[in-house]
Structures are given as structure tokens and as C-alpha cells.
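Per my numbering, numbering of the sequence shown is gapless, rising by one per residue and ending at 984. Even glycine gets a Cβ: it sits at the ideal position worked out from N, Cα and C. Okay, structure first, notes after.
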Amino acid sequence: MRLRIDAAYDGTAFAGWSSQPGLRTVQGTIEAALATVLRDPAEQVRLVVAGRTDAGVHATGQVAHLDLSAERWAALAADRRRGEPTTALARRLNGVLASADPDVVITGIALAPAGFDARFSPIWRRYAYRIADEAALRDPLRRAHTLWQPGTLDAAAMDALAQSLVGLHDFGAFCKPREGSTTIRTLLDYRWRRDDDGVLLATVRADAFCHSMVRALVGAAVAVGLGRREPDAIVELLRSAQRTSLFPVVAAKGLTLVEVGYPPDAELAARAEQTRARRQPLGSASPAATAADGASSD
Numbered sequence: 687m688r689l690r691i692d693a694a695y696d697g698t699a700f701a702g703w704s705s706q707p708g709l710r711t712v713q714g715t716i717e718a719a720l721a722t723v724l725r726d727p728a729e730q731v732r733l734v735v736a737g738r739t740d741a742g743v744h745a746t747g748q749v750a751h752l753d754l755s756a757e758r759w760a761a762l763a764a765d766r767r768r769g770e771p772t773t774a775l776a777r778r779l780n781g782v783l784a785s786a787d788p789d790v791v792i793t794g795i796a797l798a799p800a801g802f803d804a805r806f807s808p809i810w811r812r813y814a815y816r817i818a819d820e821a822a823l824r825d826p827l828r829r830a831h832t833l834w835q836p837g838t839l840d841a842a843a844m845d846a847l848a849q850s851l852v853g854l855h856d857f858g859a860f861c862k863p864r865e866g867s868t869t870i871r872t873l874l875d876y877r878w879r880r881d882d883d884g885v886l887l888a889t890v891r892a893d894a895f896c897h898s899m900v901r902a903l904v905g906a907a908v909a910v911g912l913g914r915r916e917p918d919a920i921v922e923l924l925r926s927a928q929r930t931s932l933f934p935v936v937a938a939k940g941l942t943l944v945e946v947g948y949p950p951d952a953e954l955a956a957r958a959e960q961t962r963a964r965r966q967p968l969g970s971a972s973p974a975a976t977a978a979d980g981a982s983s984d
């Protein structure tokens with residue numbers, strides 16, 4: 687029995703999503719709570735996630751799945767004193783997580799439809815990034831979720847650059863390379879605007895993200911917004927697909943995973959199969975034939 691688990695967390699005190707020996711991680715924290723509630727050995731509780739966020743990155747729309755044995759699900763379903771089993775499980779999990787300062791919350795649990803895979807079924811992921819420059823109101827209550835940037839940024843120039851990067855590209859200039867993985871991605875949306883407090887907000891949506899891609903895209907926009915780099919130079923770097931140090935990878939604290947998009951239920955299994963296929967170099971296959979090679983990571 688596969689369960690879809692939706693979660694939100696403040697990433698400040700976590701060493702990222704993925705479990706790491708001796709470090710506090712989101713995955714490790716939720717899996718430990720699940721082991722307590724299910725009364726299963728911790729090593730038997732394993733979550734598969736849509737986006738492996740890095741240390742300091744937040745989430746309001748993270749998605750994971752958990753596979754339970756038929757016996758374990760039957761035991762949960764049989765305990766009607768606690769109510770509907772998925773709702774009861776979410777409530778009990780949040781009770782365990784809240785025993786400490788709750789910087790991670792389970793926002794929903796549901797039976798996953800046939801073919802659902804939290805990692806391989808998504809058709810896109812959406813991130814947001816917050817920057818307060820000297821033209822913005824700097825709210826100390828949001829300091830753990832906002833980059834404070836010296837100087838004043840040109841929001842229009844940043845937005846124009848962002849839109850010029852949209853499309854199917856090799857984003858090697860914006861990713862930390864990993865052996866055996868591709869840097870080809872389809873950037874579906876990338877926009878910048880100021881909110882009512884003057885804070886610069888980025889929306890970045892893609893089929894998947896390679897390591898550090900969102901923060902590098904933001905760093906490139908900041909370089910343009912400060913007048914330190916010309917937009918044409920950034921576009922040329924994109925075409926080169928070579929990692930560069932001409933703009934910074936910005937701090938993780940301004941970044942939040944907002945939403946993960948999935949296809950209709952009838953298409954979930956086909957999407958997962960397509961996503962598992964390794965992408966081909968540009969020119970060797972049509973864009974329609976290419977597919978993401980794994981979960982997002984930033």
C-alpha cells in the first residue's frame with residue numbers, strides 16, 4: 687500500500703532533506719516519527735521524495751511516498767477508534783513531531799493512486815526565492831527566509847533575463863555536475879517581481895532541477911540586477927553549458943520548494959517510466975522524447 691505524504695518545513699536547522707549519519711535531516715526526522723507511530727524498526731521505514739532539498743532550503747509543498755505492507759495497512763485501517771486511517775496517521779505523526787520545536791509539519795496523507803511515484807511521476811517542480819535589497823522593507827521576522835542584498839536591484843532587468851532563459855537547455859553553467867547525471871532541463875517559468883513591501887520574489891518552475899540550479903539562476907539575475915553582468919553574457923554562458931564563477935550561487939535561506947505538479951492519475955505510471963529513462967544529449971532526440979532523470983535537488 688503506497689501513501690502520498692505532503693510536508694512543509696523550515697530548513698534552517700536541517701542539513702537538507704536526505705538522511706546523513708550524525709546530522710539532523712528532514713528525511714531522518716520524519717522517518718523516525720513514522721517508526722515511532724508505526725512501531726516498526728527505523729531501518730524499515732523509507733521515504734521517497736519529490737525534491738531532495740539542500741541544507742537551509744525550506745518547503746511548503748514537499749511530497750514523498752511511503753510503502754506499507756498489507757499487514758501494516760490492515761492494522762492501521764482496523765483501528766477505527768482513531769478515525770480514518772490516513773487522517774489519523776497524519777495527526778499522530780504531527781503529535782510526535784511537535785514533541786520538539788516543530789519545524790516540520792505533515793500537511794496531508796492520502797492513499798496514492800496507481801502508478802504514483804513521488805520522485806519520478808512529477809511533471810514539474812516550483813520554487814520561490816526572496817530577496818530584500820535596500821529598496822525593500824527588511825522584516826526581521828522573515829530573516830531566515832529572505833536574502834538581504836546590499837545595493838538596489840533592477841527588477842525589470844532581472845525579469846527580462848529570467849524570461850530569456852526559459853526553455854529546453856543544457857543548464858551545465860548553472861549546475862554542479864554529478865557523475866552519471868545530465869544537466870539538460872526544461873525551464874518552464876522564471877519571473878521576478880516586487881511585492882507590496884518591495885521584496886523581490888522569484889518564481890522558478892521546471893520539469894526537474896539539477897544540483898544548485900535554482901540558486902545559480904538567482905545568482906545570475908542578481909549579477910544583472912546590480913549591473914555587474916550584461917544579460918547577453920549570461921545567455922552566452924547558458925549556451926556554453928560550462929560551469930562558471932562569473933556569478934554567485936546565492937544563499938539557501940531565501941529558497942522554498944512551493945509545489946510539485948503531477949499529471950492526471952491515468953498518466954502517473956507512464957510519466958514515471960518516462961522520467962526514469964536517461965536524457966539524451968540535445969540533438970540526439972526530440973525535446974518531446976527527453977525526460978527528467980531524477981528528483982530535483984537544490
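Candidates GLN928, VAL743 and VAL735: which alpha carbon is nearest ALA938's? Comparing Cα positions, the closest option is VAL743.
Mind reading off the beta-carbon distance from LEU689 to THR772? Whole number of angstroms is fine, and I expect it under 8 Å. 7 Å
Report all residues from its chain with a CB closer than 6 Å to the CB of ALA796; omit the five preceding and five following residues, and keep chain order. ARG690 and THR772
For ALA974, count neighbouring C-beta atoms within 10 Å of its own C-beta (all shown protein chains included) and say buried if the count is 16 or more, exposed if not. Because the pLDDT at ALA974 is just 36, under 50, the model does not fix this residue reliably, and the point stays unresolved.
Rounded straight-line distance, which links the Cα of ARG766 to that of THR711: 32 Å
Bridge partners for TYR876 per DSSP, in chain order? For TYR876, the pairing in a beta bridge is given by DSSP as VAL890.
Where the alpha helix (DSSP H) through TRP759 begins and ends: 756-764
Report yes or no: do the stretch 721-731 and the stretch 904-922 share at least 3 C-beta pairs separated by less than 8 Å? no
Beta-carbon separation (whole angstroms), ARG864 vs HIS897, contact threshold 8 Å: 6 Å
Taking only three categories from DSSP, how would you classify ALA937? coil
Tell me, please, which residues DSSP counts as bridged to TRP834. ALA818
Taking only the alpha-carbon atoms, compute the straight-line gap between LEU968 and TYR695 and give it to the nearest angstrom. For LEU968, the pLDDT reaches just 49, beneath the cut-off of 50, and the residue's location in the model is therefore unreliable, leaving the point undetermined.
Would you decide whether PRO934 is buried or exposed? Buried here means 16 or more other CB atoms lie within 10 Å of its CB. By the 10 Å Cβ count, PRO934 comes out exposed.
Beta-carbon within less than 6 Å of ASP753's beta-carbon, same chain only, minus the 5 sequence neighbours each way: which residues are those? ARG688
Hey, ARG811 and ALA736 are a contact pair by Cβ (cut 8 Å); roughly how many whole angstroms apart? 7 Å
Nearest-angstrom beta carbon gap, GLY714 and SER705 [assumed within contact, 8 Å]: 4 Å
Less than 6 Å between C-beta atoms, sequence neighbours within five positions excluded: which residues of the same chain meet that for GLU987? The question about residue 987 has no answer, for the chain in this structure spans 687 to 984.
VAL782: first and last residue of the uninterrupted alpha helix (DSSP H) it sits in: 771-783
With DSSP as the reference, identify every bridge partner of TRP810, one or two as the case may be. DSSP output for TRP810 lists GLY947 as bridge partner(s).
For the alpha helix (DSSP H) holding GLN928, just list the boundary residues, first then last. Segment: none, GLN928 is in no alpha helix (DSSP H) and carries neither H nor E.
Can you name the start and end residues of the beta strand (DSSP E) that THR793 belongs to? 790-797
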